[in-house]
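A.B. asks: Positions 1 to 211 (the numbering used here) are the ones given, in order, by the sequence shown. Beta carbons: idealized from backbone N, C-alpha and C, even for Gly. The model shown is predicted, which means the values in this text are computed figures rather than measured ones.
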Amino acid sequence: MRLLLLLLFSSFLLAGCAGSLLPPPAPAPQQWLLKRLPSPTQESVPKLATSQFNQNLPSQGIFLAIERPTAPMPLRGREIWYRSNQHQLSPFGEQVWAESLDQQIQQRLSDFLGQQAWLASSLPDQPGYRSAYRLRITLQEWYLNTATQQLDIAVQINLLDTTGRSLLQQHWVAKPAVTELTAAGMLQASQAWLEEWAIEVAVLLRKKLDQ
Numbered sequence: 001m002r003l004l005l006l007l008l009f010s011s012f013l014l015a016g017c018a019g020s021l022l023p024p025p026a027p028a029p030q031q032w033l034l035k036r037l038p039s040p041t042q043e044s045v046p047k048l049a050t051s052q053f054n055q056n057l058p059s060q061g062i063f064l065a066i067e068r069p070t071a072p073m074p075l076r077g078r079e080i081w082y083r084s085n086q087h088q089l090s091p092f093g094e095q096v097w098a099e100s101l102d103q104q105i106q107q108r109l110s111d112f113l114g115q116q117a118w119l120a121s122s123l124p125d126q127p128g129y130r131s132a133y134r135l136r137i138t139l140q141e142w143y144l145n146t147a148t149q150q151l152d153i154a155v156q157i158n159l160l161d162t163t164g165r166s167l168l169q170q171h172w173v174a175k176p177a178v179t180e181l182t183a184a185g186m187l188q189a190s191q192a193w194l195e196e197w198a199i200e201v202a203v204l205l206r207k208k209l210d211q
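1. Specify the secondary structure class of Q91 as computed by DSSP and reduced to three states.
2. Sorted by chain position, which residues of the same chain lie with C-beta nearer than 7 Å to S131's C-beta, five sequence neighbours on each side aside?
3. In whole angstroms, give me the CA-to-CA distance for A198 and A98.
4. Going along the chain, which residues of its own chain have a beta-carbon closer than 7 Å to the beta-carbon of Q188, five neighbours each way excluded?
5. Assuming E99 is part of the beta strand (DSSP E), what are its boundary residues?
6. Rounded C-beta distance between I157 and V201? I'm assuming under 8 Å.
7. Run through the region 106-189 for me and flag every whole beta strand (DSSP E) of 3 or more residues, listed as ranges in chain order.
8. Decide if S122 is buried, meaning its Cβ has at least 16 other Cβ atoms within 10 Å, or exposed.
9. For V186 and L144, which I take to be in contact (beta-carbon distance under 8 Å), what is that distance rounded to the nearest angstrom?
10. Mind checking who E79 pairs with in its DSSP beta bridge?
11. Taking Q86 as part of the beta strand (DSSP E), name the residues at either end of that continuous run.
12. Is DSSP giving Q104 helix, strand or coil here?
13. Using 10 angstroms around the beta-carbon of Q104, count the other beta-carbons present and answer buried if the total reaches 16, otherwise exposed.
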């Protein structure tokens, strides 16, 4: 019995020593997420486009599917990337997206367009959802440029009908300034530009589908 107690005591001591040699667990990376886009108001929409957002306009029965954006691998993962002086891409340490950037943009734009009274429905592309039109988004760039202290953004949209024919194509290249060279600074600048861009997309779609 005494031998058994000694063996148990020794095992506890060994376990305690082994535990003290293990490094402390690394902190979980901080996660960032773009906010839901606000519904546009007359104050936030240019005067020439205000009529496009008249909430009294009846729905035209248009069903729109937003495809998951086509994007390079860095924008399809959860890492947050910045571009250095050598034009090399590097991820922020301990800073990640809660969802990949391409999926966030798909969901935020779909929700924003779904608030427009002239659309019957706007949803992310998914099995079983039948739509008369599809919006294809191509994310070519969306990085923080530490040399210029700006975001490097390049985005294209294509509006397609049920046959796959392109009805509308528009390309944007933007370099909004950032207040700080951090993931938080990138998020703030991305949010501001995304809100303005979504309004432009909605205006373009409305004009095209009104023809």
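C.D. replies: In brief:
1. Looking at the sequence provided, one finds Pro at residue 91 rather than Gln. Residue state, collapsed to three classes: strand.
2. F63, L64 and A65
3. 21 Å
4. T179
5. Taken as a continuous stretch (DSSP letters only), E99 belongs to no beta strand (DSSP E), as it is neither H nor E.
6. 6 Å
7. 119-124, 133-145, 150-160 and 166-174
8. buried
9. It is Met, not Val, that sits at residue 186 in the sequence shown. The Cβ separation is near 4 Å, so the contact holds.
10. V96
11. Premise fails: Q86 is in no beta strand (DSSP E) and is neither H nor E.
12. helix
13. buried
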